[in-house]
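So the protein sequences, as listed, match chains A and B. So for the first sequence, numbering that gives the first Met the number 0 puts the first residue at 0; every next one is plus one. So for the second sequence, numbering that gives the first Met the number 0 puts the first residue at 0; every next one is plus one. Glycine included, C-beta positions come from ideal geometry on N, C-alpha and C. Below is one structure, written out as structure tokens, with a few remarks after it.
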Amino acid sequence: MSTIALEARALGKKYRRAWGLRDCTFQLPEGRIAALVGPNGAGKSTIMGLATGLLRPTEESIEVFGQRPGDQGSPDGLAFLGQDKPLYKGFTVAEMLRAGRELNASWEQEYAESLLADARIDPAAKIGALSGGQRTRVALAVALGRRPRLLMLDEPLADLDPLAREDVMRSLMAEVAETGMTVLLSSHVIADLEEVCDHLVLLIGGKVALTGDIDDLLAEHRLLIGARPESEPDFGPHTVIQRRDTQRQATVLLRTTAPVNLPDWDSDEPNLEELVLSYLRVAGAQETGDSK
Amino acid sequence: MIWLAWRQQRPIVMTTFGTVAVVMAGMLILRLTGVAYMDEHGITGCTVPGPGCDGTAMNMFAEAFRGLWLPLILIMFALPPLVGAFTGGPLFAREIERGTHVFALTQSVGRTRWWAAKTVVGLVPVLAAMVLLGLVASWSLAPLAYVTTSPIRTPGFETQGLVVAAYTLLAFAIGSVAGILLRNTLGAMVLAIAFYIALLVPVGSFLRPAYAEPVKVTVSVADMLEQEAPDADGWQVAYGYLDAAGNEVDPAITPDCGPPDKCMADQGIVALYTLGHPATRFWRFQLTESALFAGIAVLVIAAGSAAVRRVRT
């Protein structure tokens, strides 16, 4: 059995007014590049906060390589790049690296410096004077200087233009390929993740709606397209996740492991975006239903 | 961690050093010019008018130096809360506002160590500067005791000696801990200054007079009308009138009462008493008040060590 990099068991986190995360269970095996997906407020940042020890769980547990996060900084092996890439604005790039070195017991200065050199960032430049893409590269170099086995990035691409996005993702994936580290990457834009991720944790309303290796998940689902049925159609033993009717056409997402043999429908494997959107629509419909 | 804490605090600490240096220079100039004036006018070493200390010359001296002394005294009043608020207020609040605590707390340093290093590095250099400033102020103001009135009275007491650093310490403590709780720099700074004022005023009015048993001095009416008030460079906290039996008399002074001696004799008053603290108690009172403020500061900082464990994203 492979090592589990990150594991949540019935994890819950209550904020002052409401639950940010409830009964959340998933495993992230080592070596995966996982997408943590969900609408804003679904609990993505909460999970990362709990994994680093910045937040304390209200219920049950989260473990990083078998360690419970506490008050002593991030658990060993975990590096975290927070939303908005917090860096000391008044520092130079070199001073920012030194901050990483001072704060970490294990630190690879040469590696961190080489990452900056790859990004062609001047170590004497002030952090505040860098572009968003450059700042992300610096933050990434500081995070990777810890030589993590698990790298968590909270919305790393959110404030970047398309070119910088590509640049950041390419350099990140090059390091991942080289080191074999596990990555957990959160985003609410699925297109950012589809090409690079092989594992999914889909959070909706503070709960895990779907999780697993993406290839398996796609293989377990079928997207059916057909004429809008007159009466309630019969999908046999397959579970209907979501059905959407337009004037003439109907789209149905089924979850099944058995072969689908329905002559009235065109059946195909969904892509990640279709899969995630269908689950989000189900949640959206339930929410509207609940509020009525 | 020490390096990081110092690198973060360096700009504000340097600004504080610069400000303190300017005020110290002002103090030294005050002393030098004051001593020169006194030598020139034959009142060298005089603290109160008396034999060898001509009253007119002393009053002219006070008049001449009030314009230089008053602004310095006002600055010395304002400096401890301002330095405390500006160094303590942003210490944690600015990190939390900018989210950089997320960076610091997700490395390999425990949050208690992070908090302790920042607190110590933020405090020690500033406190050292303020101790030095207080001592320089004491040394500089000593020859000008007649201008400033006794150092044991307000505003002399609050603007020199060890209390300057003690006030700074408390304002820093409140600012830094309020920053953790409020997560807001401006709010933390305002709170530091507000708490300092709210504490200093009642301490000065009610607590400080009780640091020691006041000394009672009784003067007969006959003597009182002839000589200067007793212990003119001390701090009088109360006075009253006594009859021949030594009982307190509440005098009814009316316009048709007549000359003061007759007026008092008519009411049976034979003596006047004062309760006060002699100027020689200055350093003892300084130590007491410094210990009081430092003690409160330690409690506030201890609360900060608990608050930092609850700091979240």
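Per-residue burial, residue i [other beta carbons within 10 Å of its own, 16 or more giving buried]
i, result
"A/Gln-298", "Here chain A comprises residues numbered 0 to 291, so residue 298 of chain A is not present and cannot be evaluated."
"B/Ile-28", "exposed"
"A/Asn-260", "exposed"
"A/Ser-290", "Unreliable placement is indicated for A/Ser-290, whose pLDDT of 45 sits below 50; the coordinate value is still reported in the next sentence. Per the 10 Å Cβ criterion, exposed."
"B/Trp-138", "exposed"
"B/Met-13", "exposed"
"B/Glu-157", "buried"
"B/Phe-284", "buried"
"B/Tyr-238", "exposed"
"B/Phe-64", "buried"
"A/Leu-162", "exposed"
"A/Asp-153", "buried"
"B/Ala-301", "exposed"
"B/Ile-95", "buried"
"B/Ile-151", "buried"
"B/Trp-282", "exposed"
"B/Tyr-166", "buried"
"B/Leu-298", "exposed"
"A/Leu-10", "buried"
"A/Gln-133", "buried"
"B/Phe-60", "buried"
"A/Tyr-14", "exposed"
"B/Pro-10", "exposed"
"A/Leu-192", "buried"
"B/Ser-289", "buried"
"B/Ile-196", "exposed"
"B/Gln-7", "buried"
"A/Ser-44", "buried"
"B/Phe-205", "exposed"
"B/Ile-72", "buried"
"A/Arg-119", "exposed"
"B/Pro-328", "Not covered by the structure: residue 328 of chain B. The range shown for chain B is 0 to 312."
Identified DSSP bridge partners for residue i
i, result
"A/Gly-11", "A/Glu-58"
"B/Val-123", "Note: B/Val-123 sits in no beta bridge, so no partner."
"B/Phe-194", "Answer is none; B/Phe-194 lacks a bridge partner."
"A/Glu-297", "Residue 297 of chain A falls outside the range modelled here, since chain A spans only 0 to 291, and no answer is possible."
"A/Phe-79", "A/Met-151"
"A/Arg-254", "A/His-220 and A/Thr-238"
"A/Lys-206", "A/Ile-203"
"B/Gly-49", "B/Cys-52"
"A/Ala-249", "A/Gly-225 and A/Asp-244"
"A/Ala-34", "A/Leu-184 and A/Leu-199"
"A/Trp-18", "A/Lys-13"
"A/Asp-267", "A/Leu-222"
The ligand GDP heavy atom lying under 7 Å from the CB of residue i
i, result
"B/Ala-103", "In the structure on display, the ligand GDP does not appear, and there are no ligands present to speak of."
Presumed contact (8 Å Cβ cut-off) between residue i and residue j, rounded CB distance
i, j, result
"B/Ala-136", "B/Met-26", "5 Å"
"B/Gly-41", "B/Pro-48", "B/Gly-41 to B/Pro-48, Cβ: 13 Å. No contact."
"A/Ala-208", "A/Tyr-278", "5 Å"
"B/Thr-105", "A/Gly-72", "6 Å"
"A/Leu-156", "A/Ala-140", "Not quite, the Cβ-Cβ distance comes to about 17 Å (not below 8 Å), so this is no contact."
"A/Gly-65", "A/Gly-179", "Not quite, the Cβ-Cβ distance comes to about 19 Å (not below 8 Å), so this is no contact."
"B/Phe-171", "B/Val-123", "Actually they are not in contact, since the Cβ atoms of B/Phe-171 and B/Val-123 sit about 11 Å apart, beyond 8 Å."
"B/Trp-234", "B/Gly-275", "5 Å"
"B/Ser-107", "A/Asn-103", "5 Å"
"B/Ala-248", "B/Asp-242", "Sequence check: residue 248 of chain B is Val here, not Ala. B/Val-248 to B/Asp-242, Cβ: 5 Å. Contact."
"A/Asp-158", "A/Gly-131", "5 Å"
Contact with chain C by residue i, beta-carbon distance below 8 Å
i, result
"B/Gly-98", "Absence of chain C from the displayed structure is noted, the protein chains being A and B."
Checklist entry - What residues from the region 67 to 85 of chain A come within 7 Å of chain B, judged by C-beta to C-beta, listed N to C? => result Asp-70, Gln-71, Gly-72, Ser-73, Phe-79, Gly-81, Asp-83 and Pro-85
Next on the checklist: So if I threshold CB-CB distances at 8 Å, which residues from the region 41 to 54 of chain A count as touching chain B?
Outcome noted: Ser-44, Gly-48, Thr-51, Gly-52, Leu-53 and Leu-54
Checklist entry - Can you list, in chain order, the residues of the region 84 to 118 of chain A whose Cβ is nearer than 8 Å to any Cβ on chain B? => result Pro-85, Leu-86, Tyr-87, Lys-88, Gly-89, Phe-90, Glu-94, Arg-97, Ala-98, Gly-99, Glu-101, Leu-102, Asn-103, Ala-104 and Ser-105
Item to check | Entirely enclosed beta strand (DSSP E) segments - the region 145 to 178 of chain B, minimum 3 residues | outcome: none
Checklist entry - Enumerated in chain order, which unbroken segments of the beta strand (DSSP E) with a length of 3 residues or greater are wholly contained in the region 90 to 127 of chain A? => result none
Item to check | Members of the region 100 to 127 of chain B that neighbour chain A once the beta carbon cut-off is set at 9 Å | outcome: His-100, Val-101, Phe-102, Ala-103, Leu-104, Thr-105, Gln-106, Ser-107, Val-108, Gly-109, Arg-110, Thr-111, Arg-112 and Trp-113
Item to check | Runs of alpha helix (DSSP H) wholly within the region 127 to 201 of chain A (minimum 4 residues, chain order) | outcome: 131 to 143, 161 to 178 and 190 to 193
Checklist entry - In the region 208 to 232 of chain A, which residue ranges form an unbroken beta strand (DSSP E) of at least 3 residues, counting only runs that do not cross its ends? => result 220 to 226
Item to check | Members of the region 20 to 42 of chain B that neighbour chain A once the beta carbon cut-off is set at 9 Å | outcome: none
Next on the checklist: By the 7 Å beta-carbon criterion, what residues does the region 272 to 303 of chain B contribute toward chain A?
Outcome noted: none
Item to check | Complete runs of the beta strand (DSSP E) confined to the region 205 to 280 of chain B [at least 3 residues] | outcome: 214 to 219, 234 to 242 and 268 to 276
Next on the checklist: Please identify, using Cβ separations under 8 Å, the residues of the region 74 to 99 of chain B that lie next to chain A, in order along the chain.
Outcome noted: Arg-97, Gly-98 and Thr-99
Item to check | Chain-ordered residues of the region 2 to 16 of chain B with a beta carbon less than 8 Å from chain A | outcome: Trp-2, Leu-3, Arg-6, Gln-7 and Pro-10
Item to check | Contact set between the region 176 to 209 of chain B and chain A, restricted to residues whose Cβ is under 8 Å from the partner | outcome: none
Item to check | Interface positions of the region 143 to 173 of chain B facing chain A (Cβ-Cβ less than 8 Å), listed along the chain | outcome: none
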